[in-house]
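These notes are about the structure you will find just below.
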Amino acid sequence: MTEEPDIAIRVRGLVNRFGTHTVHDGLDLDVRRGEVLGIVGGSGTGKSVLLRSIVGLVTPAAGTVEVLGTDVRTADGETRRELEMRWGVMFQDGALFSSLTVRENVEVPLKGIPSLDADLRRHLANMKIAIAGLPAKAGDNYPAELSGGMRKRAGLARALALDPEIVFLDEPTAGLDPIGASAFDDLIRQLSETLGLTVFLVTHDLDTLHACCDRIAVLAEKKVLVTGTMDHMLQVDHPWVHEYFHGPRARAAQPARDDKKG
Amino acid sequence: MQADERYELTRTDDGIALSGALTVRTAGALRDDLEHAEAGTLDLSAVTRLDTAGAWVLADLRRRREGIDLRGLDTKRSALIETVSATFDQPRAEPAPITLRDRVDNLGRSVAQAFRFQMDLTAHLGEFLARLFYCLAHPRELRVTAIVHHCQEVGLRAVPIVSLMAFLIGVVLAFQGAAQLRQFGAEVFVVDLIAISILRELGILLTAIIVAGRTASAFTAAIGSMKMREEIDAMRTLGVNPADALIVPRIVALLLMLPILGLIANIMGLFGGGLMAWLDLGVSPGMFRTRLVEDTDISHLIVGMIKAPFFALIIGVVGCQGGMRVKSDAESLGQMTSASVVTAIFAVIMADALFSIFFERVGM
Chain R
1 MTEEPDIAIR VRGLVNRFGT HTVHDGLDLD VRRGEVLGIV GGSGTGKSVL LRSIVGLVTP
61 AAGTVEVLGT DVRTADGETR RELEMRWGVM FQDGALFSSL TVRENVEVPL KGIPSLDADL
121 RRHLANMKIA IAGLPAKAGD NYPAELSGGM RKRAGLARAL ALDPEIVFLD EPTAGLDPIG
181 ASAFDDLIRQ LSETLGLTVF LVTHDLDTLH ACCDRIAVLA EKKVLVTGTM DHMLQVDHPW
241 VHEYFHGPRA RAAQPARDDK KG
Chain W
1001 MQADERYELT RTDDGIALSG ALTVRTAGAL RDDLEHAEAG TLDLSAVTRL DTAGAWVLAD
1061 LRRRREGIDL RGLDTKRSAL IETVSATFDQ PRAEPAPITL RDRVDNLGRS VAQAFRFQMD
1121 LTAHLGEFLA RLFYCLAHPR ELRVTAIVHH CQEVGLRAVP IVSLMAFLIG VVLAFQGAAQ
1181 LRQFGAEVFV VDLIAISILR ELGILLTAII VAGRTASAFT AAIGSMKMRE EIDAMRTLGV
1241 NPADALIVPR IVALLLMLPI LGLIANIMGL FGGGLMAWLD LGVSPGMFRT RLVEDTDISH
1301 LIVGMIKAPF FALIIGVVGC QGGMRVKSDA ESLGQMTSAS VVTAIFAVIM ADALFSIFFE
1361 RVGM
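Going down the list, the protein sequences come from chains R and W.
In terms of the numbering used here, the first sequence has 69 at position 69, counting the first letter as 1, and numbering is strictly consecutive.
In terms of the numbering used here, the second sequence has 1152 at position 152, counting the first letter as 1, and numbering is strictly consecutive.
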């Protein structure tokens, strides 16, 4: 399989069914290298299912998913492990291991690299914790002792532990206060710029879409309805897309972007 | 593609030139190599890949040693090194060494914790009794459906396991007893042995232990997971008393069911013992029945059954209190569930020992 330099994730003809309920029917999607792609869609349109089928947690009924040139479904164990070290996933509530401290959580993926000794591993974990915007002493805390926003940051620190090329973020700003959410937006933007990350971002947050995303893909009618920049989205005249990007909340989010640009 | 990442280190006139990949996979070796290298300039213009781990090693070296000069970085890579360097400024809390004082402190806390646990148990017992009497005075408040449901869960569903256990205990007692009694030609006393030990002690004690394992853990897990998902808080805000809705029906069901289970265990134990006595010793069912009725005092059965509601109360209160002590993480749910089982079994055996002394003193 040839690795195209431009495309990080290529999904073709994806079909997902749960019983008789079809979630995706012939879904196509391309994620370019180095971009921040926001995935939006109404509740139950299968945003999280799409994320899960790309990282291989859900086996689709049909279709191909290629990540960094490797077919996720047909790859053998070794190739898959290689691939898994090149992406990081942040789940909705962080999905931290509750029996480990935050630092130990971040060290878990680092333990897959035999050449790192314990001291360097600890230092690198501390650095990731700091980069994710957590205070240093949070490293010794257990996930249950952290607030929701801090758990999300810790989940991000773990997702970034191996310096992946792609990060998958599932609703990173859901449940955060506006200040925390906007700090998280800045963090994502800043990380994607300094580390050259490709970001696959599932979100409902219009502010996040304005602040972070290079392109937006809208899931509706069991497939990707449109992809394009924010300006492009504002001109689509599909009723749901129009309602989503022109609704009262969208209008409230709009000036935020203009302020940032100006 | 990534597994064979490597870097080269060559000496130049005024320092070292690095080329290749400085990433998380090579960071360990890079750190060791640079540790032994002479100070000077580091030429990084031939580096093909640089990630945060590689950048951390370089930044850490620059911070710790005088005269290190990083060269050949484009703007993106210097930005990366600056981002990583910024994380050094955060103060790090080093864990304090454990002193004797800490140990004494820990011991004191554990003892205080143990007392608090006892008080908490007593408080739950008190709350249960208060709510029970309130419900008895206002029968409308009693949740009959829930009680019936829990009776099925803790009673009916436990019948097979309790019956099998008691049957086997009867068999074992008859078998072992016979082997000893045969030496004295007193085989027929095996009936008294089985009857007294099962009716007085083993039937109800072993039933309580099985129910403690089955039901105390189920109570803790059910109430604990509701606590974790804030359902208990939701009940309070809706004006529903969690004790009425969750604790009273469970413990009442256990109070009703444990004596019945104990009775079933007694019957099955006697049946198993009788069967074995017949097969192994030739004590016919008729003779077994006659000796059982004539020689075994009814007080043995009474002593056994008096204990049943007390055991039920212990198991129920420990199980429910364990559930209420669950915190918001899954870890504590597991801990509390196993702690409940251990505490319930231990408390049941303790209570049995106290009952033994009590009945001995009152001459029963």
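Ideal placement from N, C-alpha and C gives every residue a C-beta, glycine not left out.
| task | Would you give the residue range spanned by the alpha helix (DSSP H) that W240(R) belongs to? | result | W240(R) -> alpha helix (DSSP H) spans P239 to H246.
| To the nearest whole angstrom, what separates the beta carbons of R17(R) and A75(R), a pair I think is in contact under 8 Å? | Between A75(R) and R17(R) the Cβ distance is about 23 Å, and since that is not below 8 Å, they are no contact.
| query | With which residues is D30(R) paired in a DSSP beta bridge? | reply | By DSSP's assignment, D30(R) forms a beta bridge with R10(R).
| query | Of all Cβ atoms in chain W, is any one closer than 9 Å to the Cβ of Y244(R)? | reply | no
| request: Return the chain-ordered list of same chain residues with a C-beta closer than 8 Å to the C-beta of R249(R), the five sequence neighbours on each side being excluded. | output: Contacts found: L206.
| said: Considering just the uninterrupted stretch of the beta strand (DSSP E) at V1240(W), what are its terminal residues? | reply: For V1240(W), no beta strand (DSSP E) segment is defined, and its DSSP state is neither H nor E.
| For E35(R) and L209(R), the rounded distance between their alpha carbons | 13 Å
| query | Any contact of the stretch 1195 to 1207 of chain W with the stretch 1252 to 1270 of chain W, i.e. 3+ C-beta pairs under 8 Å? | reply | yes
| message | Mapping the DSSP letters down to three states, classify K47(R) as helix, strand or coil. | response | helix
| For the 8 Å Cβ check, are there 3 or more pairs between the stretch 92 to 102 of chain R and the stretch 139 to 149 of chain R? | yes
| DSSP three-state assignment for A1312(W), whether helix, strand or coil | The answer is helix: DSSP assigns A1312(W) an H, G or I state.
| task | Taking A8(R) as the reference, give the member of I216(R), V67(R) and T227(R) with the closest Cα. | result | V67(R)
| message | Please classify Q1113(W) as buried or exposed, where buried requires at least 16 other C-beta atoms within 10 Å of its C-beta. | response | Exposed, because fewer than 16 other Cβ atoms sit within 10 Å of the Cβ of Q1113(W).
| Does the beta carbon of K1076(W) come closer than 9 Å to any beta carbon on chain R? | yes
| query | Exposed or buried, M1350(W), counting other C-beta atoms within 10 Å across all chains shown (16 or more means buried)? | reply | exposed
| When the Cβ atoms of the stretch 213 to 224 of chain R are set against those of the stretch 31 to 47 of chain R, are three or more pairs found closer than 8 Å? | yes
| request: Give the DSSP bridge partners of Y1007(W), in chain order. | output: Paired residue(s): G1020(W).
| Partners in chain R for S1328(W), counting only beta-carbon separations shorter than 8 Å | A144
| field | Members of the stretch 1018 to 1045 of chain W near chain R, C-beta cut-off 8 Å | value | T1023, V1024, R1025, T1026, A1027, G1028, A1029 and R1031
| task | Return the first residue and the last residue of the beta strand (DSSP E) that R1049(W) is part of. | result | T1041 to L1050
| said: Please list, in chain order, the residues of the stretch 113 to 144 of chain R that have any C-beta partner in chain W closer than 8 Å. | reply: I113, S115, L116, D117, L120, H123, L124, N126, M127, K128, A130, I131, P135, A136, K137, D140, Y142, P143 and A144
| query | Okay, do the stretch 223 to 231 of chain R and the stretch 180 to 188 of chain R touch, 3+ Cβ pairs below 8 Å being the bar? | reply | no
| Which first and last residues belong to the beta strand (DSSP E) in which F91(R) is found? | Per DSSP, F91(R) belongs to no beta strand (DSSP E) and is neither H nor E.
| said: Which residues does DSSP list as the beta-bridge partners of G16(R)? | reply: Correcting the residue identity first, residue 16(R) is Asn in this sequence and not Gly. Looking at the DSSP assignment, N16(R) forms a beta bridge with H24(R).
| request: Kindly identify the DSSP beta-bridge partner or partners of I39(R). | output: In the DSSP assignment, I39(R) forms a beta bridge with V202(R) and A217(R).
| said: With three or more C-beta pairs closer than 8 Å as the rule, is the stretch 1313 to 1325 of chain W touching the stretch 1337 to 1344 of chain W? | reply: yes
| said: Let's test the definition: count the other Cβ atoms within 10 Å of the Cβ of N126(R) and tell me whether it reaches 16, buried, or not, exposed. | reply: buried
| task | From the DSSP output, in three-state form, read off E1038(W) for me. | result | coil
| For G262(R), does the count of other Cβ atoms within 10 angstroms reach 16, so buried, or fall short, so exposed? | Because G262(R) sits at a pLDDT of 38, beneath the cut-off of 50, its placement in the model cannot be relied upon, and the following sentence gives the value as read from the coordinates. That one is exposed.
| request: Just confirm the distance between the C-beta atoms of A1178(W) and V1190(W), as a whole number of angstroms; I'd bet it's less than 8 Å. | output: 5 Å
| field | DSSP bridge partner residues for F1128(W) (one or two, in chain order) | value | The partner list for F1128(W) (beta bridge, DSSP) is empty, contrary to what the question assumes.
| task | Starting from the beta carbon of L1080(W), find every residue of chain R whose beta carbon is closer than 8 Å, and list them in chain order. | result | T194 and L195
| Cβ contact (3+ pairs, closer than 8 Å) linking the stretch 1290 to 1310 of chain W and the stretch 1226 to 1233 of chain W | no
| task | Would you kindly work out how many angstroms separate the C-alpha atoms of M85(R) and K152(R), rounded to a whole number? | result | 20 Å
| query | Can you find a CB in chain W that lies within less than 9 Å of the CB of S48(R)? | reply | no
| Between the CA atoms of D1074(W) and E78(R) - distance to the nearest angstrom | A direct Cα-Cα distance of roughly 35 Å separates E78(R) from D1074(W).
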